[in-house]
Amino acid sequence: MIPVVEFRRLLNEWRIRWERIKVIVQPPAWSDEEWRQFSLVLVALVERNGASWTDAQGTSYWDLRWTLQEGGTLIVQVQLVPDQEVQLVVAQEGGFVNGTTDSYTWLWSTFNQEGRLTRDPYFVDGTWKEALMQLLVPYQYQAGFYLSGTTATPQQLMLENNATPGYHDNLQQDPQNKPLFLTHQSPH
Numbered sequence: 667m668i669p670v671v672e673f674r675r676l677l678n679e680w681r682i683r684w685e686r687i688k689v690i691v692q693p694p695a696w697s698d699e700e701w702r703q704f705s706l707v708l709v710a711l712v713e714r715n716g717a718s719w720t721d722a723q724g725t726s727y728w729d730l731r732w733t734l735q736e737g738g739t740l741i742v743q744v745q746l747v748p749d750q751e752v753q754l755v756v757a758q759e760g761g762f763v764n765g766t767t768d769s770y771t772w773l774w775s776t777f778n779q780e781g782r783l784t785r786d787p788y789f790v791d792g793t794w795k796e797a798l799m800q801l802l803v804p805y806q807y808q809a810g811f812y813l814s815g816t817t818a819t820p821q822q823l824m825l826e827n828n829a830t831p832g833y834h835d836n837l838q839q840d841p842q843n844k845p846l847f848l849t850h851q852s853p854h
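Take the sequence shown: its position 184, counted from the start at 1, is 850 in my numbering, and no numbers get skipped.
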């Protein structure tokens, strides 16, 4: 017979998985403003980390690519036409796209120089968005379907174990109040 606590653990695991499946099948809808914000952050990511070039007409391009585990390439490309507009395209080559067309467009946003949308963004929701969000959101929110954020260690736990904050095992506090660091003691 399975213990009650193990049965509850299994039910909880499957409940979390079922919630995750529901979010994948029917993701929460983003407003145009949320797509605009996401697009602007992607533009900044590509400008900072991507390859860049300028053509003879003075149009600048930035390009950043990732290899997909299922095959193919995810491409984020930005085009800046001076004094006119900025275009962001997120597309995929290869993978499920092979043989049907050259690429599949996941997102296409067009902005003016102030970062306002000049037309409604075109988007297809999918796991590409979650993959790019992993690069953009703080570490503690990357497992959002399971974790809801950090929490402090209860003071009662520390008091029960007669602990002094900042001095645990091999962990010491720098006398100049710098962040904690591990000390290494010689085995000799």
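Quick reminder that beta carbons are idealized off the backbone N, C-alpha and C, glycines included.
Under 8 Å between C-beta atoms of residue i and residue j
i      : j      : result
Val752 : Val742 : no
Ser726 : Thr733 : no
Trp772 : Pro787 : no
Leu730 : Leu711 : yes
Leu754 : Val709 : yes
Euclidean distance between Cα positions of residue i and residue j
i      : j      : result
Thr793 : Met799 : 10 Å
Pro748 : Asn778 : 10 Å
Leu783 : Gln750 : 12 Å
Trp680 : Glu736 : 25 Å
Gly716 : Phe704 : 17 Å
Phe762 : Val790 : 15 Å
Lys795 : Asn678 : 27 Å
Arg686 : Gln723 : 47 Å
Val756 : Trp728 : 12 Å
Ser856 : Glu699 : An answer regarding residue 856 cannot be provided, because it is not within the stretch 667 to 854 covered by the chain.
Whole-angstrom C-beta distance between residue j and residue i, which should lie under 8 Å
i      : j      : result
Gln758 : Gly738 : 6 Å
Leu802 : Val707 : 6 Å
Coarse secondary structure for residue i, derived from DSSP in three states
i      : result
Asp729 : strand
Gln697 : In the sequence on display, residue 697 carries Ser and not Gln. Three-state DSSP puts Ser697 in coil, outside helix and strand.
Gln703 : helix
Ile741 : strand
Leu773 : strand
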